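Residues in the sequence shown are numbered from 5 upward in steps of one, following the working numbering.
Here's the structure we're looking at; comments come further down.
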Amino acid sequence: MWENGVNTSLIDMATHFDGSVGLHSIMIGAEHGIHDPARWNEVDYMANAVNSHFTQTPISLTQDGHNGTNSTGLVASIENNDIYMTQAYVFHANPQTPNSGVDFQASISQISTVFGDIIRSIRNSNPNMDLYGIVQTQESDPAEFNFRHPTEQEMLLNVNLCLAYGARAIIYYLYAATLDEIGLLDATRNPTTQYYQVQNINLII
């Protein structure tokens with residue numbers, strides 16, 4: 005059974021890390037499906053299993069997209085979880101999201117909706133959970149994920165919206181030219197322009 009695999013893996017990890025030495029947190033998730041109510045019992049089981057094997061290590065739950073009441077229901081259903089990480093990637097390549105105007109404002113409103121929904125759910129049902137905001141930094145092949153590089157000002161706006169809605173930390177995925185996406189690192193793992201822009205943003209905040 006998959007439950008045995010979960011526990012065996014956690015026992016091996018606990019042995020390797022001597023309990024929790026050097027661990028910031030343990031992330032659980034099911035990419036592209038974590039907000040599916042059919043998966044909530046599995047996610048809850050994994051959170052409880054981590055809690056039993058790593059009593060001093062925070063548990064983080066990551067979600068790769070927002071799905072309205074399914075996402076807020078997930079927040080409410082997981083008892084042993086310390087961190088909820090989510091994102092709102094709204095800057096698209098085709099058709100291209102403009103840098104201003106009505107369509108730009110609509111994209112920014114999507115970010116507000118995602119983080120507003122989640123922070124309200126946390127406050128109402130799981131107030132000890134922290135919200136971490138994942139900020140878009142990458143562009144991708146329009147035929148694959150269809151993102152354009154956000155400008156430095158757009159990334160700063162995204163960061164500030166996350167913080168305004170109560171995020172306790174900001175996360176930037178590297179997207180090192182893999183899976184047709186490039187973000188903070190190029191194919192040879194050297195910093196890109198976006199890397200230095202994020203560096204500037206972090207100095208501001």
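Yeah, the Cβ is synthetic: ideal placement off N, Cα and C, and Gly gets one too.
All of these numbers come straight from a predicted model, not from anything done at the bench.
Taking only the alpha-carbon atoms, compute the straight-line gap between PRO99 and ASN206 and give it to the nearest angstrom. Position 95 of the sequence shown, counted from the first residue, corresponds to residue 99. Position 202 of the sequence shown, counted from the first residue, corresponds to residue 206. Between PRO99 and ASN206, the C-alpha separation is close to 30 Å.
Check for me: the beta strand (DSSP E) holding GLY137 runs from which residue to which? Here residue 137 refers to the residue found at position 133 when the sequence shown is read from its first residue. Unbroken beta strand (DSSP E) run through GLY137: 134–138.
Option in ALA53, ILE32, TYR169 and ASP107 with minimal Cα separation from ILE123: To locate residue 123, count along the sequence shown from 1; it is residue 119. Ranking ALA53, ILE32, TYR169 and ASP107 by Cα distance to ILE123 puts TYR169 first.
Extent of the continuous alpha helix (DSSP H) to which TYR199 belongs: The residue labelled residue 199 in the question sits at position 195 within the sequence shown. Element bounds for TYR199: 197–208.
May I ask you to report which of helix, strand or coil DSSP gives PHE95? What you label residue 95 is simply residue 91 of the sequence shown in a count that begins at 1. In the structure shown, PHE95 sits in coil (DSSP, three-state: anything other than H, G, I, E or B).
On the DSSP bridge assignment, give the partners of PHE151 in chain order. Residue mapping note: residue 151 aligns to position 147 of the sequence shown, counting from 1. Partner(s): HIS96.
Would you mind listing the alpha helix (DSSP H) stretches within the stretch 5–30 that are 4+ residues and don't spill past its ends, in chain order? 6–20
In the DSSP assignment, find the beta strand (DSSP E) that holds ALA173 and state where it starts and stops. To locate residue 173, count along the sequence shown from 1; it is residue 169. From DSSP, the beta strand (DSSP E) with ALA173 extends over 173–175.
Quick test of the definition: if touching needs 3 or more C-beta pairs under 8 Å, does the stretch 48–60 touch the stretch 99–118? no
Take the Cβ of GLU158 as the centre, count every other Cβ of all protein chains shown within 10 Å, and call the residue buried at 16 or more, exposed below. Working through the sequence shown from its first residue, we reach residue 158 at position 154. GLU158 is buried by the Cβ-count criterion.
Starting from the Cα of GLN142, find the closest Cα among ASP134, TYR136 and ARG152 and give me that residue. As a working note, residue 142 is residue 138 in the sequence shown. Residue ARG152 is the option with its Cα nearest to GLN142.
Starting from SER64 and walking both ways along the beta strand (DSSP E), at which residues does that stretch end? Taking the sequence shown and counting its residues from 1, the one referred to as residue 64 is at position 60. Note, SER64: beta strand (DSSP E), 63–66.
Here's the rule: buried if 16 or more other CB atoms are within 10 angstroms of the residue's CB, otherwise exposed. What is ALA42? The count along the sequence shown starts at 1 and reaches residue 42 at position 38. Counting Cβ neighbours within 10 Å, ALA42 comes out exposed, since fewer than 16 surround it.
On the three-pair Cβ rule with 8 Å, is the stretch 106–114 touching the stretch 79–98? yes
Consult DSSP for TYR49 and reduce its assignment to one of helix, strand or coil. For the purposes of this step, residue 49 is taken as the residue at position 45 of the sequence shown. In the structure shown, TYR49 sits in a helix (DSSP, three-state: H, G or I).
So, under 8 Å CB-CB, ILE15 and ILE63 are touching, yes? Tell me the CB distance rounded to an integer number of Å. In the sequence shown, residue 15 corresponds to position 11, counting from 1. In the sequence shown, residue 63 corresponds to position 59, counting from 1. Contact doesn't hold; Cβ gap of about 16 Å is too wide.
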